[in-house]
Amino acid sequence: MKKIILKAGEGKRIKSGHKWVFSNEIKNIEGSPTVNDIVALYDNDEALIGFGFYNPHSLIAFRLLSTVENEDINIAFWEKRIASAKALREKVYPNEKSYRAIFGESDNMSGVIIDKYGDYLCAQFVCAGADFRKADILEAAKLVYNPKGIFIRNDAHLRQLENANLKAENEIYFGEISEDIIIEENGLKFYADIVRGQKTGYFFDQRDNRLKLANYVKDKKVLDCYCHTGAFAIYAKKAGAKEVVFVDSSLPALETAEKNYNLNGLKDYNGVEADALEYLQSKEAKSEKFDIVNIDPPGLIKSRKDFNAGFKHYVKVNEAAISLLRHGGILATSSCSHHLNFKDFKEVISQAAAKAKREAVILEYGFQSKDHPILASMQETEYLNFAIVLIK
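Its first residue numbered 326, the sequence shown is counted upward by one per residue in this note's numbering.
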């Protein structure tokens with residue numbers, strides 16, 4: 326088998342449970358592997374570490390799949406991985422039929438994302454090796470889940486980082502895909518547009534945090550910024566909020582939010598098409614005061630070079646949100662960039678409160694939902710921070 330050999334000292338991280346090797350950590354490459362090859366990885370002393378995807382064109386040059394010698398990477402291999410991941414989801418969410426079924430490295434399937442929407446699956450392949458083997462992976466998923474249809478959403482920006490000419494193609498792989506897929510989450514119903522929606526159509530990663538916030542909303546006036554398809558606000562209204570306002574820059578997202586609102590038997594929908602930060606800073610918003618403001622902005626720090634600008638933008642958004650809160654109000658705030666770690670996230674809240682000349686008391690923290698498990702040895706798998714903050 327073709328192989329790569331690491332420089333001295335570079336095997337420590339991956340032996341400790343990380344799943345990647347970077348291109349500058351490789352000493353020798355033997356056998357002229359290409360972008361679609363599975364190769365063997367050896368330490369500097371040529372002790373075998375494991376097997377995985379190789380990509381000579383990417384900063385992430387190797388992605389670990391297995392440490393078992395002579396294990397075949399075939400449909401049966403993927404079926405075992407998918408079945409194991411399914412068993413975990415059924416344990417942590419025994420009553421749910423929709424969830425993230427595969428979360429890449431955390432489920433030992435590097436570069437693979439699969440979301441389950443009831444009887445349908447939506448898959449993304451964000452590395453070249455996984456993309457090359459997508460047919461085997463999806464055939465394995467069919468064996469485990471027996472879905473009515475599978476849709477491939479290969480428009481993720483991460484594919485561009487592979488430098489492997491991966492096409493941004495979305496297509497039906499199997500069966501038929503309904504345009505009106507309805508899922509249930511914690512007893513609430515939502516439309517999921519897996520063909521045209523953001524990412525794969527619905528954000529499962531905030532499932533647990535929506536429940537956390539719902540405990541604070543009874544008889545309150547709630548503003549939900551960057552609302553996407555409205556899940557936070559709908560949870561709030563169903564939990565007894567007096568009034569909810571949806572804000573998003575995407576009209577299709579707001580239209581779906583209204584459909585979701587009506588689907589759950591709610592009345593008096595109030596949606597605002599606007600850039601969230603501009604709305605938070607507007608005279609219209611400042612003329613009102615809210616009991617609760619939820620902000621769930623898109624990832625603002627795509628790489629380390631974006632950190633300073635992204636950090637400042639997070640502070641600005643949080644400051645604007647805090648300024649709209651009554652004394653004793655609640656800020657619910659999120660960050661979905663793994664480049665903004667937990668310590669930095671707390672600093673965002675601290676600086677935003679100081680700039681707004683308010684006092685912030687953190688009541689609860691949250692992270693990504695349990696169907697997005699976090700590898701303790703790989704910080705890249707931990708990306709979502711959430712906090713519920715009392716603003717005095």
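Beta carbons are placed, not taken as given, at the ideal position from N, Cα and C, and that holds for glycine.
Consult DSSP for A333 and reduce its assignment to one of helix, strand or coil.
coil
For R406 and D440, which I take to be in contact (beta-carbon distance under 8 angstroms), what is that distance rounded to the nearest angstrom?
Contact check for R406 and D440: beta-carbon distance about 16 angstroms, past the 8 angstroms limit, so the pair fails to qualify.
By DSSP, does L602 sit in helix, in strand, or in coil?
helix
Tell me, please, whether the region 384 to 401 touches the region 457 to 467 by the rule of three or more beta-carbon pairs shorter than 8 angstroms.
A contact is defined here as three or more CB-CB pairs under 8 angstroms, and the region 384 to 401 meets this definition with respect to the region 457 to 467.
Between the beta-carbon of R388 and the beta-carbon of G443, is there less than 8 angstroms?
no
Which value, in whole angstroms, describes the spacing of the CA atoms of Q704 and F670?
15 angstroms
So does the region 605 to 613 actually touch the region 524 to 541, counting three or more Cβ pairs closer than 8 angstroms?
no
Which partner residues does D440 have in the DSSP bridge list?
Residue pairing by DSSP places D440 opposite R425 and C447 in a beta bridge.
So is F347 buried or exposed if we call it buried at 16+ other beta carbons inside 10 Å?
Counting other Cβ atoms within 10 Å of its Cβ, F347 stays below 16 and is therefore classed as exposed.
Quick check: the Cα distance between G653 and V714, rounded to an integer number of angstroms?
Cα to Cα, the separation comes out at about 10 angstroms.
Of all the options E335, K340 and V360, which has the alpha carbon lying nearest to the alpha carbon of K327?
V360
Grab the span of the alpha helix (DSSP H) containing Y586 for me, first residue to last.
Segment L576 to L588, the alpha helix (DSSP H) holding Y586.
Thinking C-alpha only, which one of L373, P358, D368 and S660 is nearest Y379?
Nearest C-alpha to Y379: P358.
I'd like the ranges of any beta strand (DSSP E) spanning at least 3 consecutive residues and lying wholly in the region 656 to 712.
As far as the region 656 to 712 is concerned, its whole beta strand (DSSP E) runs of at least 3 residues are 685 to 692.
Tell me where the alpha helix (DSSP H) around V640 begins and ends.
F632 to S648
Figure out for me which residue from A426, H482, R478 and K567 has the closest Cα to the Cα of V469.
A426
Is the beta carbon of L579 sitting closer than 8 angstroms to the one on E603?
no
Identify every residue that forms a DSSP beta bridge with C552.
Beta-bridge pairing links C552 to no other residue.
With distances taken Cα to Cα, identify the nearest neighbour of F574 among E394, P623 and V437.
One detail in the question is off: residue 574 reads as Ser in this sequence, not Phe. Comparing Cα positions, the closest option is P623.
I need the straight-line Cα distance from I717 to C550, nearest angstrom please.
First, the amino acid is wrong: residue 717 is Lys here, not Ile. Roughly 21 angstroms between the two C-alpha positions.
Would you give the residue range spanned by the beta strand (DSSP E) that S391 belongs to?
DSSP places S391 in the uninterrupted beta strand (DSSP E) bounded by I385 to S391.
When burial is assigned at 16 or more other CB atoms within 10 Å of the CB, is G596 buried or exposed?
In the assembly as shown, G596 is a buried residue. Its beta-carbon has 16 or more other beta-carbons within 10 Å.
What's the C-alpha gap between L665 and V640?
12 angstroms
Are the region 539 to 553 and the region 584 to 595 touching by the rule of at least three beta carbon pairs closer than 8 angstroms?
Judged by Cβ distances under 8 angstroms, the region 539 to 553 makes no contact with the region 584 to 595, as fewer than three pairs qualify.
Whose C-alpha, out of V520, L588, E672 and F667, is nearest the C-alpha of E644?
E672
My understanding is that D696 touches S659, with C-beta atoms under 8 angstroms, so please give their C-beta distance in whole angstroms.
Their Cβ separation, rounded to whole angstroms, is 17 angstroms, which puts D696 and S659 out of contact at 8 angstroms.
Going by beta carbon distance, what residues of the same chain come within less than 6 angstroms of D530, once the five residues before and after it are set aside?
Q693, S694, H697 and L709
Could you tell me the boundaries of the beta strand (DSSP E) in which F615 lies?
F615 to I620
Looking only at its own chain, which residues have a Cβ that is under 6 angstroms from the Cβ of A365, when we skip the five neighbours before and after it?
These residues qualify, in order along the chain: M326, K328 and F376.
May I have the straight-line CA-CA distance separating I506 from D518, to the nearest angstrom?
7 angstroms
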